[in-house]
Amino acid sequence: MDSVPSGSPDDRPSRVGYLPDRDQTLMKLVVAGPFGVGKTTLIRTLSEIATLHTEEAMTETGRPVDDLAGLPEKSTTTVAVDFGRLTLPGNTVLYMFGTPGQRRFFPLWQDIARGALGALVLADTRRLADSFEIMDMVEEQGLPYAVAVNRFPDSPDHPPEVLRAHLDLHAATPLLLCDARERGSSIDALIALAEHVLDTLPAASTDPQERP
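Residue numbers for the sequence shown follow our numbering, beginning at 49 and rising by one.
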């Protein structure tokens, strides 16, 4: 362990070494989507720090509540929040908060979304209709959002214009295809959301001193 510096306070460093030496733009973002769509996987893929997860094993009691159609290998579910951080070029720091996808967690979702600047909504082409309720929740909170269609091995493949029409997205809402297991396309989705947020919100909302 390093020794404690000696001498008067004026002789000691004026800054703590682990603090950033430049102003940062800090953005709290929500990663939302229906049950089993890949939110936890995406945050694990992107985070530059050890991620926080609150996953629990699914039980037989919960099967009538959580529809596992199309998710044969799903064995765990997020019951509170996933958390990760990603620093983008230009010193923009994204704090990612993954939320449970089930309707019964809606009050918790509202608490997690408080103070967020935007949301990345994940969708699955095997069950696109499951995303409608999530987008409604995001819009009710007044959050700008982007939609990232997570590609699964057995997912039907549709052109972006077909997906946009089916999801009834506003022309300005970003729509991307990604693989939550693959870092490059996941980063592209998050950058698209961050750019959309910066284009949508007043400059004061992204003050470098603001904390999520």
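Cβ coordinates follow ideal geometry from the N, Cα and C atoms, glycine included. For clarity, every value in this text was computed on a predicted model and none was experimentally measured.
Report buried or exposed for residue i, applying the criterion of at least 16 other Cβ atoms within 10 angstroms of its Cβ.
| i | result |
| --- | --- |
| Pro261 | Absent from the structure is residue 261, since the part of the chain shown begins at 49 and ends at 260. |
| Asp172 | buried |
| Ile97 | exposed |
| Ala196 | buried |
| Asn139 | exposed |
| Asp216 | exposed |
| Ala219 | exposed |
| Pro192 | buried |
| Gly146 | buried |
| Val245 | buried |
Please determine, among the options, the residue with the shortest C-alpha to C-alpha distance to residue i.
| i | options | result |
| --- | --- | --- |
| Leu156 | Pro192, Val78, Pro204 and Thr221 | Val78 |
| Ala80 | Thr140, Ser179 and Tyr143 | Ser179 |
| Asp202 | Asp227, Thr99, Gln189 and Gly190 | Asp227 |
| Tyr143 | Leu168, Pro250, Leu225 and Asp247 | Leu168 |
| Met185 | Pro204, Ser233 and Gln158 | Gln158 |
| Thr221 | Leu100, Arg229, Ser234 and Glu187 | Glu187 |
| Leu225 | His214, Pro207 and Ala242 | Pro207 |
| Glu181 | Asp71, Leu74, Gln72 and Phe83 | Phe83 |
| Ser233 | Gly190, Phe154 and Leu170 | Leu170 |
Identify the continuous beta strand (DSSP E) that holds residue i and give its terminal residues.
| i | result |
| --- | --- |
| Arg133 | Asp130 to Leu136 |
| Phe145 | Thr140 to Gly146 |
| Leu170 | Gly166 to Ala171 |
| Leu100 | Counting along the chain, Leu100 falls outside any beta strand (DSSP E), and DSSP gives it neither H nor E. |
| Thr73 | Thr73 to Ala80 |
| Ala219 | It is not in any beta strand (DSSP E) - Ala219 carries neither H nor E in the DSSP assignment. |
| Ala194 | Tyr193 to Asn198 |
List the endpoints of the continuous alpha helix (DSSP H) containing residue i.
| i | result |
| --- | --- |
| Thr88 | Lys87 to Leu94 |
| Ala213 | Pro208 to Leu215 |
| Ala242 | Arg231 to Thr248 |
| Ala161 | Phe154 to Ala161 |
| Ser203 | Here Ser203 belongs to no alpha helix (DSSP H), and DSSP marks it neither H nor E. |
| Asp184 | Asp178 to Glu188 |
Going by the CB atoms, is the gap between residue j and residue i shorter than 8 Å?
| i | j | result |
| --- | --- | --- |
| Leu94 | Leu136 | no |
| Ala261 | Lys87 | No answer is possible for residue 261: it lies beyond the span of the chain, which begins at 49 and ends at 260. |
| Ala237 | Ala177 | no |
| Arg231 | Leu223 | no |
| Gly132 | Ile160 | no |
| Leu241 | Gly166 | yes |
| Thr89 | Arg229 | yes |
| Val129 | Asn198 | no |
| Leu74 | Val141 | yes |
Can you check whether the C-beta of residue i is within less than 8 Å of a C-beta belonging to chain E?
| i | result |
| --- | --- |
| Leu100 | You won't find chain E in this structure, because it holds only one protein chain. |
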